Structure formats: C-alpha cells, structure tokens
Amino acid sequence: MDNTIGNIDAANHVTGRSIYVDDIPVMEGMLYVKVFDSPIAHGRITSIDFSAAEQMEGIVKILSYKDIPGENQIGGIIPDEPLLADNEVHFRGQPILLIVAENEDAAEEAIKEIKIEIELLPVITDPRMAFAQGKLLSPSRKFVKGDVSESFAACKYIFEGTTESGGQEQLYLETQGAYAYPTEHDSVKIFSSTQGPTQVQRTVARVLGVGMNKVEVDVPRLGGGFGGKEDQASAWGAFAAMVAWILKRPAKCIPHRMEDMRMTGKRNPYSSDYKIGLDENLNIIAYEATFYQNGGAAADLSPAILERTLFHATNSYNIPHVFVTAHSCKTNLPPNTAFRGFGGPQGMFVIEAAIDHAAKKLNVEVDIIQRKNMIDNGDEFPYGQIVKECQAKNCWDEATDIYNIESVKKEVAWFNQQNGFYKKGISLMPVCFGISFTNTMMNQARALVHVYSDGTVGVSTGAVEMGQGVNSKMLQVAATCFGISPGKIKLETTNTTRVANTSPSAASSTADLNGKALLDACNQIKERLFSFIKTELTDNEDETIEIKNEVVYINDEASIFNWKNLIQQAFIKRINLSAKGHYATPIINFDKTIEKGHPFAYHVYGTALTEVTVDCLRGTYEVDSVKVVHDFGSSMNRAVDLGQCEGGIVQGIGWMTMEEVIYNEEGKLLSNALSTYKIPDIYSVPKILDIKFLNTDGNDMAIFKSKAVGEPPLMYGIGAYFAIRNAVLAFNPDADIAYNAPITPEKVLMGLYNPFSG
Amino acid sequence: MVQFILNDKLVNAEQASGSTVLDYIRYYKRLVGTKIGCREGDCGACTILVGDFENDKLVYRSMTSCLTPLGNAHGKHILSVEGVNMKELSPVQQAMVDTNGTQCGFCTIGFVMSLTGFVLNDTAKQYEDAVKAIDGNICRCTGYKSIERAAAILSEKVNAKPEQETIAWLVENNFIPEYFLQIKERLKHLRETIAIESKAINPVIQKLVIGGGTDLVVQKALTVKKASVEHLFDTSHLQEIKFENGQIQVGAAVTVTAFAESKLIQDHFPGLKKYMKLISSTPIRNMATMAGNLVNASPIGDMSIFFLALDSGIVLNRNDSRRTIRLRDFYKAYKQTDKAADEIIEKIIFTPPTKGSFNFEKVSKRTHLDIASVNSACQLQMNEDNSIKEIHLSAGGVAPFPKYLAETCSFLKAKKITDEIVQEAIIIMNQEVAPISDARGTAYYKKLLLRQLFLAHLQLIEQRANASIKNILQLS
C-alpha cells in the first residue's frame with residue numbers, strides 16, 4: 000500500500016479549487032433564504048405579523064410552519080423537534096419563519112420589519128433543575144457491573160464529588176448550509192454541507208411529504224463538521240429544499256456565523272456526581288456516577304451521546320463494581336448535538352476527576368492509581384464486552400518510559416521550587432475508546448465502483464470528506480485492491496442516488512465501514528476480471544493471478560495483460576465492470592434491555608503526558624508539551640492519521656481551557672461570535688506535540704488493520720485540565736478548585752488567589 | 000467608482016464603496032477561492048493581500064477581505080489566491096501540501112495568502128516572521144503543528160531572498176506569477192489616472208467616515224454598505240508619525256502595524272513588540288487605525304488604554320477648525336465621546352515616556368487575537384527618594400469606556416511604594432472601577448485581574464516594588 004499518499008485533496012485546497020456548497024455555480028433566478036428565529040428561549044407565540052415585511056422590495060415570500068407541505072418534524076432519534084416553530088418556542092434561535100428574497104440584503108432588511116409577540120414561559124438552562132422538574136428528553140439509562148452498594152461498604156477510602164464540563168461549539172470553518180433546486184416529477188436536488196446525506200434526505204422527504212426517492216442529496220465536501228453537521232445539517236437542507244420545492248426556483252440557505260452559532264447546538268454540557276471507592280492498596284473497587292446531560296430543547300442525538308458517556312464512564316480502568324446512570328435533561332437551549340468524542344469525553348472527565356480527587360486526598364501521585372487500575376486483556380467492560388488486544392498498559396508504559404516521566408517530575412518540582420511567579424504542572428491521560436456506532440444497526444455501509452472502458456475508475460461511497468482524509472483512504476483501498484495507480488481513480492461526491500441508506504460520517508468509523516464496503520465492490524470486479532483472465536489465458540484453476548503496478552501477473556510472471564487492455568478486452572467480452580459493495584460489521588451486538596453486549600468492533604488506546612506553565616501573576620497559561628503514545632494499529636496513511644491526532648488533541652485542549660460556551664439565565668448565548676468564543680490559535684497550541692505510533696499489528700476489524708483515529712485523540716486534551724490544575728495547586732496548595740471545565744484564565748486566577756477580597 | 004488591480008486585471012467596481020472586498024471578489028468576480036468564515040475578521044479564511052505604496056515602495060499587507068471596504072481598495076493591488084496560482088504549486092502551496100497542513104481546506108486559502116504575504120515581505124525571513132504572518136488565521140482541523148512545519152520549510156526557502164528587487168527574485172524562484180513584475184508600474188499609472196479623475200468628483204455633504212473598517216463593518220455591515228462613505232484610510236496627511244517639540248504626533252489613519260513598525264515609536268517603547276503581539280492579529284493590525292480605535296470608544300480598546308497612560312492629547316478637526324483635548328476627557332459614557340458628529344480625530348499627541356517607565360498588559364481568554372478581559376497601561380516615574388514622581392494608569396474592561404484611573408493616580412503621586420500604599424491604591428482603584436460580568440469574565444474576576452495587572456506594572460517598571468508585591472500576594 001502507498002502510505003505516502005497524504006491528503007489527495009491537498010493540491011486543490013491550497014489553490015482554492017476545492018468546491019464547497021457556497022462555491023457551486025448557482026442557477027438563474029436563485030433565491031436567498033434567511034431564517035427568522037426566536038428572540039425568546041421559552042414562550043407562547045401570541046401574534047406574529049410579517050405582512051409589511053413580505054411587501055418589501057426584493058421579498059418573494061415569507062414561509063411559516065403552515066406552509067410546510069408534509070410533516071413539521073425533523074427529530075432524528077425522537078420526533079420532538081419542529082422544523083419551524085408553531086405555537087411555542089423552546090429555545091432562543093429556534094427557527095420560526097423563512098424569509099425568501101431575491102437577494103440577501105433584502106432579506107436582512109425585511110427581518111427587521113417582522114413583529115412578534117411572545118408570552119414568556121419559565122426558562123431552564125441548568126440540567127439538574129430540568130431533572131428535578133422531571134423534564135427529560137429520553138428515558139434515563141444505567142450500566143451496572145457487580146454490586147456497588149455492597150462493595151462500597153468494604154472500601155477503605157471513599158471520595159465523592161461533583162464535576163461540570165462545558166459545551167463546545169463545533170466551529171467548522173464553513174458554516175451550515177444548503178443549495179437546492181427543483182427537478183422533474185416533484186423532486187428536489189440538494190447540495191448540502193452535511194455529515195449525514197441520508198439524514199438530510201430522510202428529513203426533507205418527511206417535511207415535503209414525498210418519498211425519499213424524490214430527494215437527491217449531494218455532498219461535494221465539508222469545510223469541517225466535527226459532529227455539528229451529523230444531524231443539524233438537516234434543517235438547513237430542509238429550508239432550502241422546501242423553498243425550491245414550493246416556489247420551483249433554486250434556493251440557497253447559508254447562515255452567517257452568528258446565526259449558525261445561536262441557532263445550532265453544541266457539545267452537551269454535563270453536570271455529574273461521582274463516588275469512588277478504593278482499597279488500602281489503591282485498587283479502585285467501586286465507582287458510581289450520575290450524569291446530568293444538558294440536552295437542550297430537543298433530543299437530537301443526545302440520547303445516543305448519553306449512551307456513549309456510559310460506555311466510556313470508566314475510561315481505561317478496570318473497576319469490578321460500577322453503577323453509572325445518565326439522564327438526558329431538557330432545557331431551553333438549542334438542541335445540543337454530536338461533537339467529536341460524542342459523550343465519551345464527558346464521561347472520561349468525571350472518572351479522571353474522581354481519581355485525581357482520591358489521589359490528592361490520599362497524598363499519592365495520581366499516576367500510581369491510574370496505572371494500578373489500568374484495564375487489560377480478559378477484563379470486562381461495564382457493558383459486558385471482554386477486553387481483547389488491549390494496548391492500554393503498552394501505551395502507558397511506553398509513554399512513561401520514552402518521555403521519561405520520573406525525570407520530568409523532578410524537573411517540574413525543581414522549577415516550581417525556583418520560581419515564585421511561574422509554576423509548572425503535569426498530568427498523564429490514558430484513553431480507551433470504543434469503535435463502532437453504539438447503535439448496531441448503523442454499522443453498515445455501501446460503495447459503488449465503476450471501472451470505465453478506458454481503465455479509469457469512479458468510486459462512490461457513503462463517506463463524506465470533511466477534512467478527516469477519508470477520500471484519501473478510500474482511494475488507497477481501491478488502488479491497492481486493483482493494483483493500479485491512484486491517478487486512475489476518482490473519488491466522486493457523496494450522493495444518495497448513487498449510494499443509498501448511508502450512515503453519517505461519524506463515530507470514527509467512516510473509513511472502516513465504507514472502506515470495507517469499497518473493498519467488497521472492488522473485489523467483486525477483480526474476481527470477474529480474474530475469471531476472465533483465466534478463461535482467456537489459462538485453463539489451470541490453480542494459477543495465481545495478481546495485478547501489480549497495472550500489470551497482470553500469472554504465477555509471478557508478467558502476462559500480456561496490463562490494466563488498460565485487460566479492461567478493454569473484458570468490456571468487449573461483456574464482463575460487468577461495475578459493482579456495489581456492502582459491509583456490515585460482524586460480531587457486534589448490544590441488548591439495551593440488559594445494557595450488555597459486545598457493541599464495539601475494537602478499542603483504540605493511548606496515553607498523553609501534558610506539561611503546562613502557569614503565569615501566577617496574570618493567571619494565564621501555556622501548554623509546554625503534549626507527548627503521546629497512540630495505538631493507530633497499522634496506519635494506512637500516517638500523514639492523515641498524524642493530522643487527525645494532532646488536530647484532535649488541540650480541539651480537546653480547547654474544550655478544556657479557553658472554549659467557553661456561555662448562556663445567560665434567559666437562555667441567550669453570550670459567546671455568540673468568534674470574538675467572544677475562542678478556539679485555539681497558532682500561539683496557544685502546545686509548543687511541543689510529540690506523537691509516537693505504538694508498534695502493533697492492528698486489528699482485522701479495522702480497514703487494512705489501520706485503526707479508527709477520528710475521535711480518540713481529542714480526549715488527550717483532558718490532560719491539559721489536570722496539568723493546569725496541578726500548576727495552580729503548586730502555587731496555592733490550599734486552593735479549593737472545583738472540577739469544572741473549561742479551566743479558563745479566570746478560573747486559574749481565582750484558584751491562585753482564593754480567597755480574594757477585592 | 001473604485002478602481003484597482005485585481006490579481007492581474009484592472010477592474011472598475013461600480014458597487015458601493017462601503018461594501019466589502021470579499022463580496023465583490025466572491026460574488027461579482029466569482030473568485031471563490033476566498034472563503035467566508037465569520038465576517039468579523041476573527042478567522043482569516045477570507046485573507047487577501049493588498050499591495051500599496053509605502054514611501055514609494057510597493058508593500059503587500061494581509062487583510063481580512065470581509066472587513067475591507069471596497070473603497071479602501073481604490074488604487075491598489077488586490078490579490079486573491081487565484082492571483083498567485085500558477086501552473087505548478089508555489090513553494091508556499093507546496094509546503095502546505097508536503098506537511099499535510101491542510102485537512103478540510105476551508106481555512107487553507109487564508110493561510111496560503113498570509114504565508115504569501117510573508118514571502119512578499121522583503122525583510123521577513125525568520126520562522127517567527129512566518130508564524131506571525133498567520134497569527135490571524137484560525138484552523139479547526141490541524142492543530143497548527145503541520146502548518147508550523149510548513150512555515151519552517153518556507154522560512155528556509157526564502158533564506159536567500161534579497162531586500163532589493165524582492166519581487167523579481169520571487170518571480171524567478173516561482174513564488175509568484177510573472178505579471179507581478181509589471182504591477183508597480185501599472186499601479187503608478189493607475190494612481191495618476193485616479194488623481195486626475197478624483198478632482199471631478201462632487202463632494203457629498205453627509206458622509207459616514209471610515210478608517211480601517213475593522214469595527215464598523217463588523218457591527219454595521221449593511222449600514223456601511225448603504226451609506227455614502229468617506230474613506231480616511233488612505234489620507235496621507237493622517238498617516239504620519241513624527242516628533243515635534245518634544246512630542247510624538249500620531250496621525251489618525253496610522254495603522255497599528257505602521258505604529259508598531261515605526262522606528263520612532265520603537266525607540267521610545269522597548270517593549271513595543273510584546274505589546275503589539277497582544278493586540279488582535281496581523282491582518283487586523285494592518286487595517287485598524289489609531290483614530291478608529293479611539294472613536295469607537297470600546298471599553299476595552301487596546302490603543303485607547305495605551306494612549307491614556309501616556310496622558311495623550313487628541314486633536315479634533317472640524318472643517319479646518321481644530322481643538323485639542325486630553326484623551327482622558329474624551330470619553331463621556333458608554334460609546335459616547337466628546338466628538339461632535341462632524342468632527343474627526345486628526346492626530347494623537349503625547350510626550351514620550353522615559354526609558355523603562357511604561358508598560359502595557361492585557362489578559363484575555365485566549366492570549367492572542369482576542370479581546371481583553373482586562374487591559375491596562377502604566378507610566379511610572381520615580382524620584383530619587385523612591386517616591387512617585389509621575390504616574391498615569393489606565394484600564395479597560397472595568398468601566399463603560401476606556402478608563403483613566405484618575406483617583407488612583409492622584410493618590411499615588413508623591414507617595415513612596417510601600418506595602419501599605421500599594422494595598423491602599425488597590426482599594427482606591429477597585430472603588431473607581433465598575434466592571435460588569437460578561438462573556439469575558441465576571442466582575443469579581445476583572446477586579447482581581449486589575450489588581451494583578453497593576454502589580455505586573457510595578458514589577459516590570461519598578462524593581463524596588465518587588466518585595467511589596469510578594470507581600471501582598473503572600474508569597475514566600
């Protein structure tokens with residue numbers, strides 16, 4: 000396999016030739032769609048008047064829920080979310096009307112003339128308050144292993160506490176958006192910036208009241224997704240499609256950044272309780288946690304996110320007795336949604352806080368407890384899956400060895416002794432992340448391959464390229480299978496007409512699922528070609544045939560066939576040169592009635608060592624280094640995988656440090672623009688970011704044994720939280736620092752000078 | 000009509016001069032390589048390069064086209080990625096490909112343009128210069144490490160770049176297309192044409208005055224687009240920085256970059272580079288003007304805070320009738336100033352601080368390219384006897400407008416720095432401010448932070464205060 004291929008889109012990217020939704024040449028008579036959204040987080044609409052607005056120059060029509068041809072419903076998992084608000088609004092930013100205009104400026108002017116009166120209803124932004132009032136989005140879940148109540152009684156040490164982890168704006172650089180135009184037979188074609196083309200298709204069909212076969216969704220590529228376009232691209236697709244369908248004109252709906260930020264959901268904030276019990280040898284005997292997930296105003300993907308929190312509640316640790324409960328709480332915020340890690344980070348943060356709490360109280364180094372309780376082969380996850388091919392200890396031991404943890408500790412202690420105004424802190428963060436959609440049904444994929452009569456190849460899969468490099472990996476799969484040059488292969492856009500019923504590009508599984516489906520398709524064509532070769536060149540069934548560098552070898556000897564003339568000949572002989580591949584992950588299963596099963600194809604492991612320096616006068620900090628040993632399996636594209644790892648870590652650090660989603664009590668987003676919501680810039684990333692590829696054989700369930708890499712590295716970022724916290728404690732050992740993330744400069748300064756009487 | 004050279008073509012844009020260069024190039028010229036990320040200058044996805052004469056030299060600066068009023072492109076060379084594309088990838092593009100510096104690709108063009116700006120800068124060769132060039136570009140995918148590697152490769156590749164005839168060298172080494180060789184002459188010719196034509200334009204009475212547009216276009220894009228706009232950005236007499244009668248005069252249209260690059264300013268502020276790095280980003284510094292920062296009266300305006308601690312005066316001009324007031328008297332209430340609607344700020348005047356007597360501090364959620372939670376500047380001169388001769392303190396983010404801490408200053412004047420005096424000053428300081436809780440921090444935090452920044456000033460300006468600082472912070 001050609002492991003040097005890198006990102007096949009790179010040359011187009013650097014020349015500005017890659018095409019995103021807003022770059023598609025538009026058709027004559029295109030309309031702009033702008034959303035009028037609720038200025039109130041919870042209330043009853045008593046009157047709405049847009050007659051004046053509708054008469055303004057440039058305004059074609061204003062649509063409300065009454066104009067929806069089909070069902071006013073976009074809920075993916077649970078049907079609890081209208082496309083356009085009817086009589087009630089449940090969050091600030093909830094779409095109410097669509098302003099359809101000849102140009103964008105006219106729509107903006109018209110929006111100012113819309114008059115709405117809303118009778119206020121109580122606003123809840125806090126998940127615990129919602130829980131207390133019985134406001135849940137979906138049934139609560141619990142995972143149980145062993146018997147916690149009995150085992151806590153036997154524990155020598157028990158520690159209890161509370162944690163908070165904040166939301167996180169996906170901040171894909173390309174905002175949400177869609178462009179649609181009407182096609183024949185009351186159909187519509189939509190170009191959408193979505194991770195889930197089928198989800199957009201399904202939603203649009205429902206909203207228009209037509210069959211899915213009348214809705215074609217095409218996705219050229221995304222300017223970032225990170226989970227934010229897994230489910231929430233659907234509304235924008237539906238806005239554009241509805242206008243195109245009703246008015247029979249092309250329509251584009253692309254929100255500005257501030258509209259996107261206030262109307263769409265983010266990573267679910269969590270408020271959690273933990274209780275951890277250890278014996279005298281620092282073995283964790285029992286762990287209990289309750290997660291209050293802030294789901295926002297509709298279920299969206301929150302029930303699935305909730306589930307993954309439970310799956311990763313014990314991270315990389317083997318704990319004999321576990322009782323973890325999770326509640327998806329309904330609040331008056333925009334429906335929160337997927338974000339890289341999908342509930343996993345939220346669960347891991349809590350167990351790491353619990354262990355840190357125990358270590359601090361027991362006055363032992365936290366890494367002693369972490370290492371001592373690390374998971375290993377034969378252990379059982381709380382959800383019943385038995386640990387296999389475990390790399391947790393391998394990663395940890397290699398990290399502590401090659402990055403020389405003992406001398407780092409000494410250097411940090413020495414630095415802290417020498418410096419009054421600067422303190423350093425370190426942390427170790429292990430990660431164990433399960434790969435597969437936890438909803439077993441979704442672990443399927445298809446691919447369509449055409450070999451054209453000139454020997455070039457077109458590949459369609461259900462995978463959406465959003466920067467994660469899946470197109471590069473798909474290209475590698477096809478090139479490797481056929482033994483031909485990557486230059487002969489074109490990756491087509493993701494299109495629901497070519498590949499139907501796709502799962503979204505999510506759960507780190509896109510390359511595995513689509514790659515294996517693609518391999519199936521390529522193999523079908525290859526087998527047909529090989530049997531054709533046999534009939535043409537030999538009658539010996541036992542001969543081995545291979546294509547290498549576009550030359551056909553029989554028993555290791557070059558034959559008269561090269562790829563090009565082979566395809567020509569096969570076509571003349573009427574061999575089928577197209578194939579549809581299918582893949583469904585074997586083995587996996589999960590029984591929700593008992594919350595046990597084998598939900599994951601495999602797990603990804605790793606350990607990160609983080610070192611930070613805190614400026615104790617100003618309360619600011621820098622991440623000096625993050626040093627990682629990561630289990631990539633047998634990486635099929637090291638450049639892409641390294642990029643995923645680096646990018647994920649920095650995103651995780653952002654979540655834990657500077658990225659603070661702030662809503663006020665009225666449910667108004669205060670961090671509503673890039674000027675008030677800060678993601679890492681080039682100066683704020685770790686000075687050193689070392690990533691060592693753990694040497695392993697990989698896993699057969701992964702495509703070419705190259706393990707999924709999208710989400711797991713994000714959770715190394717949690718280490719930054721604890722490193723900063725430790726540095727603050729080095730300055731002020733008495734600081735009472737709640738386990739609340741993100742640890743902003745504000746929280747740092749408060750911790751350094753606690754108490755302060757200004 | 001706005002005339003400029005867009006990539007290799009002369010264009011006459013009929014669009015409103017207050018509309019943005021971004022919309023013009025994307026939607027009228029269909030140069031869609033330039034992307035829209037935020038429309039507020041905070042992501043850099045729409046970065047373009049703007050070629051303009053500075054002292055008769057053609058200089059390229061990066062700017063965010065989302066905030067660049069079309070009128071500010073008049074007579075200039077506007078460069079989008081389509082204008083740097085050649086048959087083969089440029090070394091900038093190649094470096095981004097080789098290091099896997101691009102993932103989703105949406106921010107990538109901005110990085111390519113900013114790095115091309117680095118390459119075009121005749122004196123910039125170091126890795127640090129390359130990184131500085133991309134300090135206004137946000138990437139959500141890569142975590143920047145691969146882009147840092149691209150910057151490292153590039154800084155090596157421009158090692159041999161001469162300071163003279165830079166463009167010819169760059170063309171020869173395939174960094175930029177050949178048409179660049181004629182741009183200087185073409186621009187000169189364009190300027191001459193414009194100079195003749197501009198005389199014929201009728202003056203408009205009510206005009207919206209705009210400098211760099213870095214705040215106005217963020218806040219009121221549609222208003223600016225529809226207004227009749229007077230562009231002060233390129234008004235040469237407002238772009239001067241000079242030393243006269245013991246005072247420094249800074250013209251209203253001087254950009255933050257021009258201020259930071261001024262030899263005169265650098266000589267009087269040894270810490271300038273450090274302060275400027277805390278203020279927005281390279282493209283915004285290239286656009287934002289001094290007067291713009293003052294008149295928008297933002298409570299956390301960095302340059303306002305800077306000039307307040309210099310006890311600056313400002314010259315206001317109305318139809319050539321001038322008055323000078325102290326900057327500290329300029330601010331009246333939230334977003335209200337002493338400026339009449341038809342007045343403009345012409346220049347800022349201050350006495351340069353004595354060596355080592357000035358400091359600027361800023362803390363924000365993200366250290367760079369962010370708006371301050373609290374910023375503060377201090378000018379402190381001591382007498383021989385360790386008493387304070389002169390002190391000027393300012394702070395942002397703690398009041399409805401940029402605050403000159405008058406009471407704290409008057410309390411401290413003539414006092415000796417002792418633990419008690421500093422403690423008392425902190426109490427007075429916190430009494431004269433009234434921060435509010437917002438996305439940049441709680442009121443409580445901002446008060447604590449103000450104390451810390453005050454102590455940071457003392458620590459950096461006056462060595463003898465160190466013991467007091469440690470005592471106050473209860474450090475052993």
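So the sequence lines, in the order shown, correspond to chains R and B.
Going by numbering that gives the first Met the number 0, the first residue of the first sequence is number 0, and it counts up by one from there.
Going by numbering that gives the first Met the number 0, the first residue of the second sequence is number 0, and it counts up by one from there.
Virtual Cβ for every residue (Gly too), placed ideally from N, Cα, C.
Keep in mind it's a predicted model, so treat the numbers as computed, not measured.
Neighbour list for residue i in chain B, Cβ cutoff strictly below 7 Å
i	result
R:V13	L88, Q92, M95, V96, T101, T107, V111
R:S674	E39, D41, I370
R:T743	K364
Under 8 Å from the C-beta of residue i: neighbouring residues of chain R
i	result
B:K469	G419
B:Y27	Ordered by position in chain R, no residue passes the 8 Å Cβ test against B:Y27, which lies about 13 Å from the chain.
C-beta atoms of residue i and residue j nearer than 8 Å
i	j	result
R:F35	R:I117	no
B:P399	B:S393	no
R:Q175	R:K213	no
R:N2	R:M635	yes
B:T115	B:P282	no
B:G17	B:A226	yes
R:E173	B:F110	no
R:V684	R:I723	no
R:R266	R:Y19	no
R:G466	B:C408	no
Interface residues of chain B facing residue i [CB-CB closer than 9 Å]
i	result
R:L616	Q451, L452, L454, A455, Q458, I468, L472
R:L221	C103, F105
Interface residues of chain B facing residue i [CB-CB closer than 8 Å]
i	result
R:D104	L221, K224
R:A638	N99
R:V684	G142, Y143, K144
Amino acids of chain R, ordered along the chain, whose beta-carbon sits closer than 9 Å to that of residue i
i	result
B:I299	Under the 9 Å cutoff, chain R gives no residues; its nearest Cβ is about 11 Å from B:I299.
B:I35	D21, E173, T174, I253, H255, R256
Neighbouring residues, chain R, relative to residue i (Cβ below 7 Å)
i	result
B:I387	Those do not exist, as B:I387 stays about 21 Å from chain R at its closest Cβ, beyond 7 Å.
Contact residues within the region 267 to 280 of chain B, judged by C-beta distance below 7 Å to chain R
none
Taking only beta carbons into account, state which residues of the region 49 to 80 of chain B come closer than 9 Å to chain R, listed in chain order.
S79, V80
Residues of the region 351 to 367 of chain B with Cβ closer than 7 Å to any Cβ of chain R, in chain order:
V362, K364, R365, T366, H367
Is it the case that the region 734 to 749 of chain R contacts the region 156 to 168 of chain R, given that we only count it when at least three CB pairs across the two stretches are under 8 Å?
yes
What ranges does the alpha helix (DSSP H) occupy inside the region 49 to 79 of chain R, keeping only unbroken runs of at least 4 residues that lie completely in it?
50 to 53
Cβ contact check for the region 579 to 599 of chain R and the region 371 to 386 of chain R: 3 or more pairs under 8 Å
yes
Listed in chain order, which residues of the region 715 to 727 of chain R have Cβ atoms closer than 9 Å to some Cβ of chain B?
none
Taking only runs of the alpha helix (DSSP H) that begin and end inside the region 344 to 428 of chain R, which ones reach a length of at least 4 residues, in chain order?
365 to 371, 391 to 401, 404 to 417
Identify each residue in the region 139 to 161 of chain B for which the Cβ-Cβ distance to at least one residue of chain R is less than 8 Å, and report them in chain order.
R139, C140, T141, G142, Y143, K144, S145, I146, E147
Count the CB pairs spanning the region 179 to 197 of chain R and the region 227 to 241 of chain R that are closer than 8 Å, and state whether there are at least three.
yes
Taking a Cβ distance cut-off of 8 Å, strictly less, list which residues of the region 648 to 660 of chain R are near chain B, in chain order.
I648, V649, Q650, M657, E659
Taking three-plus beta-carbon pairs below 8 Å as touching, is the region 179 to 191 of chain B in contact with the region 90 to 104 of chain B?
no
Contact between the region 602 to 611 of chain R and the region 701 to 717 of chain R (3+ Cβ pairs under 8 Å):
yes
Name, going along the chain, the residues of the region 235 to 268 of chain R whose beta-carbon falls closer than 7 Å to a beta-carbon of chain B.
H255, R256
May I ask you to list, following chain order, the residues of the region 120 to 137 of chain B that have a beta carbon less than 8 Å from some beta carbon of chain R?
V130, I133, D134, N136, I137
Which runs of the beta strand (DSSP E) spanning at least 3 residues fall entirely within the region 563 to 621 of chain R, listed in chain order?
577 to 583, 588 to 590, 595 to 597, 601 to 614
The region 136 to 143 of chain R touching the region 285 to 301 of chain R, judged by at least three CB pairs closer than 8 Å:
yes
Please list the segments of the beta strand (DSSP E) lying wholly inside the region 275 to 303 of chain R, counting only runs of 3 or more residues, in order along the chain.
283 to 295
Could you tell me which whole beta strand (DSSP E) segments of length 3 or greater appear in the region 428 to 454 of chain B?
none
Would you list, in chain order, the members of the region 166 to 195 of chain B that have their beta-carbon closer than 8 Å to a beta-carbon of chain R?
none
Evaluate contact between the region 343 to 350 of chain B and the region 287 to 299 of chain B, counting only Cβ atoms and requiring at least three cross-stretch pairs below 8 Å.
yes
Please list the residues of the region 430 to 441 of chain B that have a C-beta atom closer than 9 Å to any C-beta atom in chain R, keeping them in chain order.
D437, A438, R439, G440, T441
Do the region 664 to 678 of chain R and the region 479 to 492 of chain R touch if we need at least three Cβ pairs shorter than 8 Å?
no
To be precise: take each residue of the region 474 to 500 of chain R, compare its Cβ to all Cβ atoms of chain B, and keep it if any distance is under 9 Å. Which residues remain?
none
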